[in-house]
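Heads up: the sequence shown begins at 36 in the working numbering, then just goes up one per residue. Ideal Cβ placement from N, Cα and C applies to all residues, glycine included. Here the structure is a predicted model, which is why all the values come from computation and not from measurement. Reading through the structure tokens given below for one structure.
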Amino acid sequence: MTIFFYREFGILKEVFTPVGDLLKTLPRRSKTPGAIIALHVRRAFEDSLLTICGDLPKSVLAATRAKSFKNGVLTVECTGLAPVELQMRSGGLLREINRVLGRKIVFRLRFRVN
């Protein structure tokens, strides 16, 4: 993401803050649009998947996608027997996703075969 700066009195200032940084600074009961949080959760899932399940074949990782996030439940679509393997690793995935997000936002993972 590109961050633009402007000069004011010889000092560089940020024009905007990245969305990822905003999510970490939001109050617990903010009225943040669900779409912004869902986007950040999807990104955190992709990072966490590579960290926790990096030993799985590349084809399985490439076919595994976060599909939707609603009411604390992240729905993940994958192929073949991957849902069974990911279900066994779901505890580690949940911890890593919430660690990346900076607070507990995802409460449950749901796996579906696409």
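Cβ shell of residue i (< 6 Å), same chain only, five flanking positions each side left out
i: Glu112; result: Arg100, Lys102, Arg147 and Asn149
i: Leu136; result: Ala79
i: Arg77; result: Ala101
i: Val95; result: Ala117
Residues that residue i bridges to, as DSSP identifies them
i: Phe105; result: Before going further, note that residue 105 is Lys rather than Phe in the sequence given. Lys105 is bridged to Val108.
i: Cys113; result: Val148
i: Arg138; result: In DSSP, Arg138 forms no bridge with anything.
i: Arg100; result: Glu112
Simplified DSSP assignment, three categories, for residue i
i: Leu144; result: strand
i: Arg78; result: helix
i: Arg130; result: helix
i: Leu61; result: Note that Leu61 scores 49 on pLDDT, short of 50, meaning its location in the model is unreliable; the coordinates nonetheless yield the value given after this. Note: Leu61 maps to coil in three-state DSSP.
i: Gly89; result: coil
Cutoff 8 Å; reference residue i; Cβ partners in own chain excluding five residues on either side
i: Gly107; result: Ile140, Val141, Phe142 and Arg143
Beta carbon of residue i nearer than 9 Å to that of residue j
i: Leu121; j: Leu128; result: yes
i: Arg145; j: Thr114; result: no
i: Gly126; j: Phe104; result: no
i: Ala98; j: Ala73; result: no
i: Ile71; j: Arg124; result: no
Other residues of its chain near residue i: CB distance less than 7 Å, five sequence neighbours each side excluded
i: Ser83; result: Leu128, Glu131, Ile132 and Val135
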